[in-house]
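Below is one structure, written out as structure tokens, with a few remarks after it.
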Amino acid sequence: EDNSALVRNIRNIPYWILRMIYMLGNSTKIMTLAVLFGFKWVEWFFMEEDKLIQRKQMPVPPPPPVLKPTNMDAQSMKQCIQQNVCLICGHERVNSSCIPSG
Numbered sequence: 251e252d253n254s255a256l257v258r259n260i261r262n263i264p265y266w267i268l269r270m271i272y273m274l275g276n277s278t279k280i281m282t283l284a285v286l287f288g289f290k291w292v293e294w295f296f297m298e299e300d301k302l303i304q305r306k307q308m309p310v311p312p313p314p315p316v317l318k319p320t321n322m323d324a325q326s327m328k329q330c331i332q333q334n335v336c337l338i339c340g341h342e343r344v345n346s347s348c349i350p351s352g
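Now the structure itself:
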């Protein structure tokens, strides 16, 4: 008789309550993960900005050296090219394939 009373009481519970109990029991793993991820997101969102990005204080690099213009005429320019000397730095060219002929 005890079991039949329990079955009768369960049948008298509205369908939507039974459905809700089933869904809650079936999705506890997903809800637990959602709560954990949600908590960590809120913790991250309200964390201080300094702690989020660890920046090192580095010195500002010095500016590059300024190239001084040279007064070269066409004759001395042709002579530098024939001697395989770079017109910018004055050192000997190692690979002159990118210099146009002419």
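In the working numbering, each residue carries its 1-based index in the sequence shown increased by 250.
Note that CB positions come from ideal geometry on N, CA and C, so glycine has one too.
Start-to-end residues for the alpha helix (DSSP H) that takes in residue i
i, result
"ILE338", "ILE338 -> no alpha helix (DSSP H), and no H or E assigned at all."
"GLU293", "278 to 295"
"MET308", "Neither: MET308 is in no alpha helix (DSSP H) and is coded neither H nor E."
"LYS328", "324 to 332"
Close beta carbons around residue i, own chain, < 6 Å, minus the five adjacent residues each side
i, result
"GLY352", "Summary for GLY352: the model assigns pLDDT 49, below 50, so the residue's position carries little reliability, and this model does not support an answer."
Cutoff 7 Å; reference residue i; Cβ partners in own chain excluding five residues on either side
i, result
"ASN321", "none"
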